[in-house]
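K.L.:
Before we start, here is the structure in question, set down as structure tokens.
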Amino acid sequence: APDAACSDMDMDGICDDFDECINGDDGLDADGDDVADACDICAGGADGDDADGDGVPDFCDCDTSGPTTCDMNASCTESETGVVCACDDGYTGDGASCAPVDCGAPSTPADGSVDVTETTFGSTATYACGAGFTLVGMMERTCEADGTWSGDDPICTSIDCGPLGNPANGSVDAPSTGFSAVATYSCSTGYLLEGDATRTCGGDGLWSGSEPSCRLVDCGS
């Protein structure tokens, strides 16, 4: 026991000159590594176990403990009580086991379809529309780290090739301008049609061919 001339800064009953751990009670060794808790490098395991010789006990060393403790999709952080594993963005779990987040099945647009095989982080969904419809929005979306699909839901709208103008000295008959509609051209009396007599509204929203012209009839000399 210390006497009046003995300094005992941590008040553990051992003179500082003989104290193994001046920061606390030499008798407290919760992890049983023969190092007083107050002087432990790694309070969760034996300070003497240092397989890679980097000065960090194995139990608190990501280099040695991490790869066998943390999931391959997790990051490892060293602490005095052991390694701390945390799942990477896009994954969920306790760090020792991490599973990719699931965005759930994306909705199918009316008059269209969505092709998706997986709904987890990093997966893609590809959209398409049926005949006569065109896609408005993103053709492809990705399952993101926050568990949502990128962008907004696309929609399928009816294809419309738009109205056609009458050629000079002629006319065009187009009852409708939607997908597969047929426009028929004719010329006024005394004129002959040159070019496409009919044009069809295609799946690309464009009329086939090109606008014909009407040529004045010439009987020759």
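Residue 453 is where the sequence shown starts when you use my numbering, and the numbers rise one by one after that.
Even for Gly, the Cβ is constructed at its ideal location relative to N, Cα and C.
All values reported here derive from a predicted model rather than from experimental measurement.
Measuring CB to CB, does CYS613 end up less than 7 Å from THR629?
P.N.:
Within the sequence shown, residue 613 is the residue found at index 161, counting from 1. Within the sequence shown, residue 629 is the residue found at index 177, counting from 1. Going by C-beta atoms, CYS613 is nearer than 7 Å to THR629.
K.L.:
Grab me the residues of GLY654's own chain with a C-beta within less than 7 Å of its C-beta, minus the 5 sequence neighbours each way, in chain order.
P.N.:
As a first step, residue 654 must be located in the sequence shown, where it is residue number 202. Same-chain partners within the cutoff: SER660.
K.L.:
So, THR533 versus ALA498, is the Cβ gap smaller than 7 Å?
P.N.:
By one-based count along the sequence shown, residue 533 stands at place 81. By one-based count along the sequence shown, residue 498 stands at place 46. Going by C-beta atoms, THR533 is not nearer than 7 Å to ALA498.
K.L.:
With a floor of 4 residues, list each alpha helix (DSSP H) that falls wholly inside the segment 502 to 531, ordered by position along the chain.
P.N.:
Those alpha helix (DSSP H) runs which fall completely within the segment 502 to 531 and span 4+ residues are 518 to 521.
K.L.:
Which residue marks the beginning of the beta strand (DSSP E) containing CYS539, and which one marks its end?
P.N.:
Looking up residue 539 in the sequence shown gives position 87. Taken as a continuous stretch (DSSP letters only), the beta strand (DSSP E) holding CYS539 covers 536 to 539.
K.L.:
Secondary structure at CYS613, three-state DSSP: helix, strand or coil?
P.N.:
In the sequence shown, counting from the first residue as 1, residue 613 sits at position 161. Looking at CYS613 - three-state DSSP - the assignment turns out to be coil, as it is neither helix nor strand.
K.L.:
Among THR572, THR569 and SER565, which residue has its Cα nearest to the Cα of PHE585?
P.N.:
Within the sequence shown, residue 585 is the residue found at index 133, counting from 1. Comparing Cα-Cα distances from PHE585 to each of THR572, THR569 and SER565, the minimum goes to SER565.
K.L.:
So, helix, strand or coil for CYS491, using DSSP?
P.N.:
Looking up residue 491 in the sequence shown gives position 39. Correct three-state label for CYS491: helix.
K.L.:
Our contact map puts TYR543 next to VAL536 with C-beta atoms below 8 Å; I'd like the distance itself, whole angstroms only.
P.N.:
Position 91 of the sequence shown, counted from the start, is the residue given in the question as residue 543. Position 84 of the sequence shown, counted from the start, is the residue given in the question as residue 536. TYR543 to VAL536, Cβ: 16 Å. No contact.
K.L.:
For PHE573 versus CYS595, is the C-beta spacing smaller than 7 Å?
P.N.:
Taking the first residue of the sequence shown as position 1, residue 573 is located at position 121. Taking the first residue of the sequence shown as position 1, residue 595 is located at position 143. Cβ atoms of PHE573 and CYS595: closer than 7 Å.
K.L.:
For ASP567 and THR652, I'd like the C-alpha separation in whole angstroms.
P.N.:
Counted from its first residue, the sequence shown places residue 567 at position 115. Counted from its first residue, the sequence shown places residue 652 at position 200. One C-alpha to the other measures close to 30 Å.
K.L.:
Report the residue ranges of all beta strand (DSSP E) runs contained in full by the segment 561 to 628; include only those spanning at least 3 residues, in chain order.
P.N.:
Listed in chain order, the complete beta strand (DSSP E) runs (minimum 3 residues) inside the segment 561 to 628 are 564 to 567, 576 to 581, 585 to 588, 592 to 594, 607 to 610 and 622 to 625.
K.L.:
Can you list, in chain order, the residues of its chain whose CB lies under 8 Å from that of VAL669, leaving out five sequence neighbours each side?
P.N.:
Residue mapping note: residue 669 aligns to position 217 of the sequence shown, counting from 1. Closer than 8 Å at the Cβ level, and outside the excluded window around VAL669, lie GLY642, TYR643 and LEU644.
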